[in-house]
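In what follows, a structure is listed as structure tokens, so that the remarks can point back to it.
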Amino acid sequence: MHLGGIYENGAVRGGIELPRLLSLLARHDANAPIQGLSAVPPADRPPVNVVRFAFQAMVAIGTLLALLGIAYLVTWRRRGRLPRSRLFYWLVVAAGPLSLIALLAGWTTTEVGRQPWVVYGVMRTSTGVTAARGISVVAGVLLAVYAALAVAIIWLLRRLAHRSPQSDVREELRLRPV
Ligand code: HEM
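See below:
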């Protein structure tokens, strides 16, 4: 198994090599053989680097998120308070967008990784492409709806962010005077 690096002509270059780890992970036995990419005809291989990069990005982000949770729990248990380092809070801020990137990377891993098959060994993606007309119209409408939703969400979040938490309380009091 390699962490990082680029796949080129049948080998990974520039990655950190971790011998036997893949056997251990996939077969729970450090000596179990793993069938390599060379067993797959070149025409049946997915774009290897896209899959590797997406998978590794997902796992790296997942590991970071887990470490963030552990750091929080350890501080809470040992000191009975929230972490105080700025780095921790910067990472908390980054965790939201990073989770979304991990989600997309996971999806990319699955979808690109199964290429060129829709159903492995039975039906190729090229055979599964629809011949229906008007796809670009449907795609255009979908894009417009999502773009409108994105604008609405940004507007809403900015509006909420500009209001102080106290203003909510005051509004509440105005509605129900005590
Ligand atoms: C240590 C961390 C992680 C590991 C080891 C891991 C492992 C995996 C594996 C083995 C797959 C299946 C790939 C395949 O189809 O062959 C997968 C898919 C996926 N992962 Fe992760 N993952 C991790 C973190 C994350 C995180 C943090 C997210 C999102 C926040 C995520 C989202 C996804 C998604 C959306 C899929 C595709 C599911 C599908 O389309 O069936 N993963 N992951």
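Position 171, counted from 1, in the sequence shown is what this note's numbering calls 737; the numbers after and before it change by one each time, with no gaps. We put the CB at the ideal spot given by N, CA and C, even for glycine.
For the alpha helix (DSSP H) containing V614, name the first residue and the last one.
V614 to R645
Cβ atoms of A577 and R586: under 8 Å apart, would you say?
no
Is the distance from the Cβ of F654 to the Cβ of A668 below 8 Å?
It is not a contact, given that the beta carbons lie outside the stated cut-off.
Could you spell out where the alpha helix (DSSP H) holding R725 opens and where it closes?
Here the alpha helix (DSSP H) through R725 covers I701 to H728.
Within the continuous alpha helix (DSSP H) that includes Y573, where are the two ends?
Segment I572 to E574 is the beta strand (DSSP E) holding Y573; no alpha helix (DSSP H) there.
Within the continuous alpha helix (DSSP H) that includes R652, where are the two ends?
R652 to G679
Residues bridged to H568 by DSSP?
The beta-bridge partner set that DSSP reports for H568 consists of E583.
Whose beta carbon lies closer than 6 Å to any heavy atom of ligand 1, going through the chain in order?
Listed by chain position, these are M624, V625, I627, G628, T629, L631, S665, A668, L669, G672, W673, T675, T676 and G679.
Where do the ends of the beta strand (DSSP E) carrying V685 lie?
Counting along the chain, the beta strand (DSSP E) containing V685 begins and ends at W683 to V685.
I'd like the list of long-range same chain contacts for P612, defined as Cβ closer than 8 Å, with 5 residues on each side in sequence excluded.
V678, G679, R680, Q681 and P682
S692, enclosing alpha helix (DSSP H) - first and last residue:
T691 to G694
Let me see if you follow: with CB-CB separation under 8 Å, is W642 close to chain D or not?
In the structure shown, chain D does not exist; there is a single protein chain.
For A577, the three-state DSSP class (helix, strand or coil)
Strand.
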